[in-house]
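Protein chains: 2
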Amino acid sequence: MSSTETPVHVLILAGGAGTRFWPASRAARPKQLLPLLGGEPLITATARRVLPLCGGAGWERIWIATGQHLLSPTRAALPDVSERRLLVEPAPRNTAPCIGWAAATIAREDPEAVVVVLPSDHHIADVPRFLEVLEAAVASARGGAITTIGIRPTHPETGFGYIEAEGAGGAGSAAPAVPRQVLRFVEKPSRERAEEFVASGRFLWNAGMFIFRAGDMRAAIRAHLPALAEGLDEIDRAAAQGAEAEAVLRVFPRLPAVSVDHGVMEHVAGLAVVPGDFGWSDVGSWQSAWELAEKDERGNSAPAGSVLVDAQGNHVVDLRARSGGAPDDRRVIALVGVEDLVVVETDDALLIVPRDRAQDVKRVVDELKARGQDRHT
Amino acid sequence: MSSTETPVHVLILAGGAGTRFWPASRAARPKQLLPLLGGEPLITATARRVLPLCGGAGWERIWIATGQHLLSPTRAALPDVSERRLLVEPAPRNTAPCIGWAAATIAREDPEAVVVVLPSDHHIADVPRFLEVLEAAVASARGGAITTIGIRPTHPETGFGYIEAEGAGGAGSAAPAVPRQVLRFVEKPSRERAEEFVASGRFLWNAGMFIFRAGDMRAAIRAHLPALAEGLDEIDRAAAQGAEAEAVLRVFPRLPAVSVDHGVMEHVAGLAVVPGDFGWSDVGSWQSAWELAEKDERGNSAPAGSVLVDAQGNHVVDLRARSGGAPDDRRVIALVGVEDLVVVETDDALLIVPRDRAQDVKRVVDELKARGQDRHT
Chain A
3 MSSTETPVHV LILAGGAGTR FWPASRAARP KQLLPLLGGE PLITATARRV LPLCGGAGWE
63 RIWIATGQHL LSPTRAALPD VSERRLLVEP APRNTAPCIG WAAATIARED PEAVVVVLPS
123 DHHIADVPRF LEVLEAAVAS ARGGAITTIG IRPTHPETGF GYIEAEGAGG AGSAAPAVPR
183 QVLRFVEKPS RERAEEFVAS GRFLWNAGMF IFRAGDMRAA IRAHLPALAE GLDEIDRAAA
243 QGAEAEAVLR VFPRLPAVSV DHGVMEHVAG LAVVPGDFGW SDVGSWQSAW ELAEKDERGN
303 SAPAGSVLVD AQGNHVVDLR ARSGGAPDDR RVIALVGVED LVVVETDDAL LIVPRDRAQD
363 VKRVVDELKA RGQDRHT
Chain C
3 MSSTETPVHV LILAGGAGTR FWPASRAARP KQLLPLLGGE PLITATARRV LPLCGGAGWE
63 RIWIATGQHL LSPTRAALPD VSERRLLVEP APRNTAPCIG WAAATIARED PEAVVVVLPS
123 DHHIADVPRF LEVLEAAVAS ARGGAITTIG IRPTHPETGF GYIEAEGAGG AGSAAPAVPR
183 QVLRFVEKPS RERAEEFVAS GRFLWNAGMF IFRAGDMRAA IRAHLPALAE GLDEIDRAAA
243 QGAEAEAVLR VFPRLPAVSV DHGVMEHVAG LAVVPGDFGW SDVGSWQSAW ELAEKDERGN
303 SAPAGSVLVD AQGNHVVDLR ARSGGAPDDR RVIALVGVED LVVVETDDAL LIVPRDRAQD
363 VKRVVDELKA RGQDRHT
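Keeping their order, the protein sequence lines are chains A and C.
If you read the first sequence in my numbering, its first letter stands for residue 3, the second for the next number, and so on.
If you read the second sequence in my numbering, its first letter stands for residue 3, the second for the next number, and so on.
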């Protein structure tokens, strides 16, 4: 991308509160802040991965939307992000308001600027290919099309939304990244429909990545979410008088709580999608964290220094505060004769669950909530 | 027992270093110091259980033989034991020297005094019955017979030594505790022989409990272990001059390292055994700790506050230093969908092993030793 082109900004959505990675994830420590794959938090990897899109401006073009309760750990995970690029939502209102707010803020500087919206907690195996797909989407957005990325499905997943597009699938990862016309967005399907989708070769997974010119998003919001547009106008007017922060606190909690998918994307004509194969994962459970992790020859993923005797297929995660130092000073995790377990240790909890029941950790969180043990949820 | 009878002293053998309860047990924290069954260490329960034998003198008649490296935690587990009743072995020399030393020390006060020698790390379910059996053994010892306790076997165990005695078995727990003549001591048998032993009704388990008058043990040692007798004489002479401590340091490490079973019991004529059924267990593994533990209706033994979802037959032990306090301040252990596991947490280790492989924890200890991680073994 030449520096004479319109600038690219990246907005990373980093709110949320998950239970699927309990006890690692908590209300105050959602998934993107966890080093689930290797040493750094997912959000740090997410930001680092897309820096090449931002040209020479680098970190100055990375924006983070998050909540007040996550501000401190988010800053710690992203020390290079500028203070003025942190969009702190006073209240969670789903994705449309915060994407709208970011688009409005960036549009004030340059309505032609391209904004790349990305989830903060996904994994990408093939980063060069991912950047190639994003570049194609940026080019599409520069041409005036609100553009999304569609992941070529590898199996009939019922946990994702789908995007139907003519000529979307079948091409394989070697195919050039070419934008297609979006026919429709589809909600999470039944198993049967998901199988039809995958067989048709016309459907892609909706991975929550959106690319657009800041002004185009403002226009789309004005057309399809007028209440949101009015709120953003009010913030704009306050910003012109140097009173943005106060206006955000007042206006944001009243904005319509709607996802950008439902509120905008499903209604926009001329939406484009760039199909991609780049080893994408939403890292949806401990099972998928194990799948993505480095493993020994017996399929165990465990901290260095663990003692594994006749153990296989286990995923062991140690997130306790550590003393570090010599092996003799560290804690030892010993697994003998066990298979396919997820074992997670934090300073205040231990979880043991078979990998194929990893989704049941939410039952633990439910139980702790029922007991009023808020610190643990 | 009337107070006009010769006094009864209890000697609790509390040395050793086990690997079967790793990571709870360590070289510096053997099994008897662990609260494996309920809140107090096994040795504390052992001492408390036999206090009624000691009459009004109570704790003043409880002696503990241990090693220098275990002195501090042993004192902490038994704050009521008098300082002068702690026999600190300068070097581990198996059981004959320390029993001989205790017998010599007690004989100096009163050679007619009866000494009850007990392991420190066993469990007794039926304490009144146990005391009844011990009273019968004390009476037998008062009559001049070195006496042992034989456990009526419940299964053909190959991990224990056996004692053959005429009319030993078959009587059931309701039978009066009557001393029998010991025919012979037998080493740990093969499975086949163990089955014959149990079927014969003539064999009892050797639980390492011995009851004798102090002077009788001195005489038996003089007859069968003259080298030990000479060493004890030297300690006696030094004690007469107020220099016992120095003599023990000098003499003890040179004493023959032999068990009282091999060195004395197997050679003594007229040995008696009182057969007993009192719910005895040597608490030999995590499996047996689970068997003895209180369990919920699904067979789980776990700390209060644990979250158990579709979990059964698990044995969860948390031996970490705790903050205590409200449930919200404690650590949560959550088991989802797992069965028949042993899970043990300490401040510096976590073990997970199927209950039926609990004996394999020694492989973990071997591995840690091979790595030179002495702190963990």
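Glycine included, every Cβ here is placed at the ideal spot set by N, Cα and C.
Classification of residue 279 (chain A) by the beta-carbon crowding that lies within 10 angstroms, buried from 16 upward = It counts as buried.
Grouping DSSP H, G and I as helix and E and B as strand, with all else coil, what is residue 230 (chain C)?
-> Under the three-state reduction of DSSP, residue 230 (chain C) is assigned to helix.
If we ignore side chains and look at the alpha-carbon of each, how far apart do residue 274 (chain A) and residue 219 (chain A) end up?
-> When rounded, the distance between both Cα atoms is 14 Å.
In angstroms with no decimal places, state the Cα-to-Cα distance between residue 372 (chain A) and residue 124 (chain C).
-> Those two C-alpha atoms are separated by around 40 Å.
Any residues in the stretch 31–60 of chain C with a beta carbon nearer than 8 Å to a beta carbon of chain A? Which ones, in chain order?
-> Listed in chain order, the positions of the stretch 31–60 of chain C with a beta carbon within less than 8 Å of a beta carbon of chain A would be empty, since no residue qualifies.
Quick one, which of C:370, C:10, C:22 has its alpha-carbon nearest residue 291 (chain C)'s?
-> When only C-alpha atoms are compared, the closest one is C:22.
List the endpoints of the continuous beta strand (DSSP E) containing residue 277 (chain C).
-> Residues 274–278.
Between residue 299 (chain A) and chain C, is there a C-beta pair that is closer than 9 Å?
-> No - not a single Cβ of chain C is within 9 Å of the one on residue 299 (chain A).
Could I get the ranges of all uninterrupted beta strand (DSSP E) runs contained in the stretch 128–186 of chain A, with 3 residues as the minimum, in chain order?
-> The DSSP assignment places complete beta strand (DSSP E) segments of no fewer than 3 residues inside the stretch 128–186 of chain A at 149–153, 164–167, in order along the chain.
Would you be able to state if there are at least three C-beta pairs under 8 Å between the stretch 127–134 of chain C and the stretch 18–36 of chain C?
-> As far as the Cβ criterion goes, the stretch 18–36 of chain C does not touch the stretch 127–134 of chain C, which means the pair count is below three.
Does residue 359 (chain C) get closer than 9 Å to chain A when you measure Cβ to Cβ?
-> Taking Cβ atoms only, chain A reaches closer than 9 Å to residue 359 (chain C), which makes this a yes.
Is there contact between the stretch 57–70 of chain A and the stretch 146–164 of chain A, where contact requires at least three CB pairs shorter than 8 Å?
-> With the cut-off at 8 Å, the stretch 57–70 of chain A and the stretch 146–164 of chain A do not touch.
How many whole angstroms separate the CB atoms of residue 193 (chain C) and residue 160 (chain C), which I take to be in contact at a CB cut-off of 8 Å?
-> Confirmed, Cβ separation roughly 6 Å.
With contact counted as at least three CB pairs below 8 Å, one residue from each stretch, are the stretch 295–307 of chain A and the stretch 206–226 of chain A in contact?
-> No, they do not touch.
If the cut is a Cβ gap below 8 Å, which residues of chain A does residue 365 (chain C) touch?
-> Chain-order list of chain A residues neighbouring residue 365 (chain C): 311, 338, by C-beta distance under 8 Å.
So is residue 81 (chain A) buried or exposed if we call it buried at 16+ other beta carbons inside 10 Å?
-> Under this definition residue 81 (chain A) is an exposed residue.
Any residues in the stretch 98–112 of chain A with a beta carbon nearer than 9 Å to a beta carbon of chain C? Which ones, in chain order?
-> Shown here is that no member of the stretch 98–112 of chain A has a Cβ falling below 9 Å from a Cβ of chain C.
Terminal residues of the continuous alpha helix (DSSP H) containing residue 305 (chain A)?
-> That residue, residue 305 (chain A), is in no alpha helix (DSSP H); it is neither H nor E in DSSP.
Which residue comes first and which comes last in the beta strand (DSSP E) that contains residue 20 (chain A)?
-> Going by DSSP, residue 20 (chain A) is part of no beta strand (DSSP E) at all; its letter is neither H nor E.
Alpha carbon to alpha carbon, what distance is there between residue 315 (chain C) and residue 54 (chain A)?
-> As the crow flies, the alpha-carbon of residue 54 (chain A) is around 54 Å from that of residue 315 (chain C).
Straight-line gap, residue 45 (chain A) to residue 113 (chain A) (C-alpha atoms, nearest Å) | Looking at the two C-alpha atoms, the distance is approximately 27 Å.
Which runs of the alpha helix (DSSP H) fall wholly inside the stretch 248–297 of chain A and span at least 4 residues, in chain order?
-> With a minimum length of 4 residues, the continuous alpha helix (DSSP H) runs that stay inside the stretch 248–297 of chain A are 288–294.
Quick one: measure Cβ to Cβ for residue 66 (chain A) and residue 16 (chain A), integer angstroms, because I've assumed they're closer than 8 Å.
-> About 5 Å separates the CB atoms of residue 66 (chain A) and residue 16 (chain A); that is less than 8 Å, so the two are in contact.
Whose C-beta lies closer than 6 Å to the C-beta of residue 353 (chain A) among residues of the same chain, with five residues either side of it excluded?
-> So the qualifying residues of the chain are 25, 346.
C-beta contact flag for residue 284 (chain C) and residue 121 (chain C) at 9 Å | Cβ atoms of residue 284 (chain C) and residue 121 (chain C): closer than 9 Å.
Specify, as a first and last residue, the run of the beta strand (DSSP E) that residue 75 (chain C) falls within.
-> Boundaries around residue 75 (chain C) are those of the alpha helix (DSSP H), 73–79, since no beta strand (DSSP E) includes it.
Are residue 116 (chain C) and residue 8 (chain C) close, meaning C-beta to C-beta below 9 Å?
-> In contact: residue 116 (chain C) and residue 8 (chain C) (Cβ atoms closer than 9 Å).
Are residue 197 (chain C) and residue 184 (chain C) closer than 9 Å when you measure CB to CB?
-> Contact flag unset, no.
Residue 384 (chain C) CB to nearest chain A CB: under 9 Å?
-> Residue 384 (chain C) falls outside the range modelled here, since chain C spans only 3 to 379, and no answer is possible.
What are the start and end residues of the alpha helix (DSSP H) that includes residue 189 (chain C)?
-> No alpha helix (DSSP H) holds residue 189 (chain C); DSSP gives it neither H nor E.
Give the DSSP bridge partners of residue 69 (chain A), in chain order.
-> Among the bridge pairs identified by DSSP, residue 69 (chain A) is matched with A:91.
What do you reckon, are the CB atoms on residue 257 (chain C) and residue 229 (chain C) nearer than 9 Å?
-> Yes, Cβ-Cβ distance for residue 257 (chain C) and residue 229 (chain C) is below 9 Å.
Over the uninterrupted alpha helix (DSSP H) stretch that includes residue 103 (chain C), give me the two end residues.
-> According to the DSSP assignment, residue 103 (chain C) belongs to the alpha helix (DSSP H) that extends over 97–111.
Residue 118 (chain C) bridges to which residues according to DSSP?
-> Beta bridge pairing from DSSP links residue 118 (chain C) with C:12, C:213.
Write down the C-beta distance between residue 338 (chain C) and residue 363 (chain A) rounded to the nearest angstrom, noting that I regard them as a contact closer than 8 Å.
-> Sure, about 7 Å apart at Cβ, within 8 Å.
Residue 291 (chain A) versus chain C: which residues are under 8 Å apart at the beta carbon?
-> Going along chain C, no residue has its Cβ under 8 Å from residue 291 (chain A), so there is no contact; the nearest lies around 16 Å.
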